[in-house]
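The opening position of the sequence shown corresponds to residue 1 in full-length UniProt numbering, with each subsequent residue numbered one higher.
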Amino acid sequence: MGSTTETHEMNGLMAGNGNAAPPEEPGARGVQRTRVINMNHYANKKSAAESMLDIALLMANASQLKAVMEQGPTFSFYVPLIVLISISLLLQIGVGVLLIFLVKYDLNNPAKHTKLEFLNNLATGLVFIIVVVNIFITAFGVQKPAVQQKT
1 MGSTTETHEM
11 NGLMAGNGNA
21 APPEEPGARG
31 VQRTRVINMN
41 HYANKKSAAE
51 SMLDIALLMA
61 NASQLKAVME
71 QGPTFSFYVP
81 LIVLISISLL
91 LQIGVGVLLI
101 FLVKYDLNNP
111 AKHTKLEFLN
121 NLATGLVFII
131 VVVNIFITAF
141 GVQKPAVQQK
151 T
């Protein structure tokens, strides 16, 4: 028995000359199957995954904000960290709203492609800025306040 190799492109066509092979009879040797990928389903799953990561980072930033506020204004980087964490939180909320709009649109409608590409690029740019801001938050070092023991 021979083995078959299947390669699929995003449009569901087999690699090679760019044309999908016609389906063959069941039981024929070397059967090649084609699958059409639903781009809307793919994009919705991608946006949902991004949203979950955004929520995780949102929760981490909220925890960092709480830790900084508990340390109070005597902490040396109090103001810069409050500003950076606030910027990160606002940008994450913006990206979350943007992802909701991206999920709404039909990718199969060519009239929407330009708008979707712009919104997707905007979301990617905002995520990059969020990453950079969070690198600075980490660099300034948010520490939990030390628990004072009574002696």
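From the three backbone atoms N, C-alpha and C, an ideal C-beta is built for every residue, glycine too.
- For PRO80, same chain residues with a beta-carbon under 7 Å away, outside a window of 5 residues either side, are PHE140 in chain order.
- Closest in alpha carbon position to MET59, among LEU99, ILE93, LEU122 and HIS113, is ILE93.
- The beta carbons of ILE130 and VAL95 sit closer together than 8 Å.
- Secondary structure at PHE128: helix, using DSSP grouped into helix, strand and coil.
- In the three-state DSSP reduction, THR114 falls in the helix class (H, G or I).
- Taking each of GLN64, ALA123 and LEU116 in turn and checking the Cα distance to TYR78, the smallest one comes out for GLN64.
- For LEU84, the CB contacts under 6 Å within the same chain, skipping 5 residues up- and downstream, are VAL133, PHE136 and ILE137 in chain order.
- Going by DSSP, TYR105 is part of no alpha helix (DSSP H) at all; its letter is neither H nor E.
- In terms of Cα proximity to LEU89, the closest of PRO73, ALA43 and ASN61 is ASN61.
- With fewer than 16 other Cβ atoms inside 10 Å of its own Cβ, SER86 counts as exposed.
- Within 10 angstroms of the beta-carbon of ASP106 lie fewer than 16 other beta-carbons, which makes it exposed.
- Taking GLU50 as the centre and dropping the five residues before and after it, the same chain places the C-beta of LEU99 closer than 7 Å to its C-beta, in chain order.
- LYS46 and GLY125 have their alpha carbons spaced roughly 16 Å apart.
- VAL97 counts as exposed, since fewer than 16 other C-beta atoms from the protein chains shown sit within 10 angstroms of its C-beta.
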